[in-house]
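If you're matching positions, the sequence shown starts at 473 in the working numbering and goes up one per residue. Yeah, the Cβ is synthetic: ideal placement off N, Cα and C, and Gly gets one too.
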Amino acid sequence: MNQLIGRFSMAAAMLFVAAGMARAGQITTLYSTGVADDGSALANGAIDPHYTLTSTPGGSGYGPTAYVADDTKYPLSGGPWVGNLSDARWIGPVADQTTISGVTGSGYYVYKTTFDLTGFDPSTAHISGQWSSDNPGEIYLNGVDTGIGTTGEYAYQSLHSLDIATGFIAGINTLEFRIYNIPISSNNPTGVIAQLCGTAAVPEPSSAALGLIAIVGGLAVRKGMRGVRRPKG
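Right, dumping it as structure tokens:
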């Protein structure tokens, strides 16, 4: 009987540990810019299925579709934009950036994407990566400024790191890149590139584990009692 109880205690301890554990999982519904559902780079001029332009300058006629910028033309061919990555591409209001007017194309552009944290612990969610924009940009999570931004007229010349560890909620989350295209008199390209990786903990079913402990414990006690000989009266 004592040996059986000892075995049960050890099993219970292991289950309690498992009940409190959580495994890290990838947020598979979070995508970089300019990629397909499988994460592969989209072709020049393709529609980005994961990002939409929710705000554009009045009178520009752009949005809500975001397009993969044509890297055979200015400002990707020969610069000054930092180049595309193997798993992220520049997107903008049009594929051919040489067609954006310096007047009507100036102003704010908001690129929005959503991702789902259902089944994850939102308090453990984390997004890291790198990005760039033309011109200055800010990142908002669920409508709140993350404090992450690119500065200056020439922010597009290099990639900038990003790291978000707070502000996540259960279920659907919204990530926005708010870009300001500085007015100029000539052709005025604008866009954003973001290479993103998201992770969050997947809680183990602790209630199920505790229930299993109770079931195993009850069976163990019943089995043990069968083997105990009662003294004859």
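Let me confirm a value: residue i is counted as buried when at least 16 other C-beta atoms fall within 10 Å, else exposed. Which label applies?
{"i": "Ile-641", "result": "exposed"}
{"i": "Glu-625", "result": "exposed"}
{"i": "Thr-544", "result": "exposed"}
{"i": "Ala-666", "result": "buried"}
{"i": "Pro-661", "result": "buried"}
{"i": "Pro-547", "result": "buried"}
{"i": "Thr-570", "result": "exposed"}
{"i": "Ile-636", "result": "buried"}
{"i": "Ser-658", "result": "exposed"}
{"i": "Asp-542", "result": "buried"}
{"i": "Ile-611", "result": "buried"}
{"i": "Thr-638", "result": "exposed"}
{"i": "Ser-504", "result": "buried"}
Are the Cβ atoms of residue i and residue j separated by less than 8 Å?
{"i": "Tyr-523", "j": "Thr-596", "result": "no"}
{"i": "Ile-651", "j": "Ser-605", "result": "yes"}
{"i": "Gln-602", "j": "Ser-558", "result": "no"}
{"i": "Val-540", "j": "Gly-506", "result": "yes"}
{"i": "Leu-502", "j": "Leu-631", "result": "no"}
{"i": "Gly-497", "j": "Val-664", "result": "no"}
{"i": "Leu-589", "j": "Leu-613", "result": "no"}
On the three-pair Cβ rule with 8 Å, is the region 607–619 touching the region 523–534?
No, the region 607–619 does not touch the region 523–534.
Taking only runs that begin and end inside the region 502–551, name each unbroken alpha helix (DSSP H) of 4 or more residues, in chain order.
Uninterrupted alpha helix (DSSP H) stretches at least 4 residues long and entirely within the region 502–551 do not occur.
Which whole runs of the beta strand (DSSP E) in the region 592–664 are 3 residues long or more, in chain order?
Scanning the region 592–664 for uninterrupted beta strand (DSSP E) segments of 3 residues or longer gives 593–606, 609–613, 616–622, 632–636 and 644–653, listed from N- to C-terminal end.
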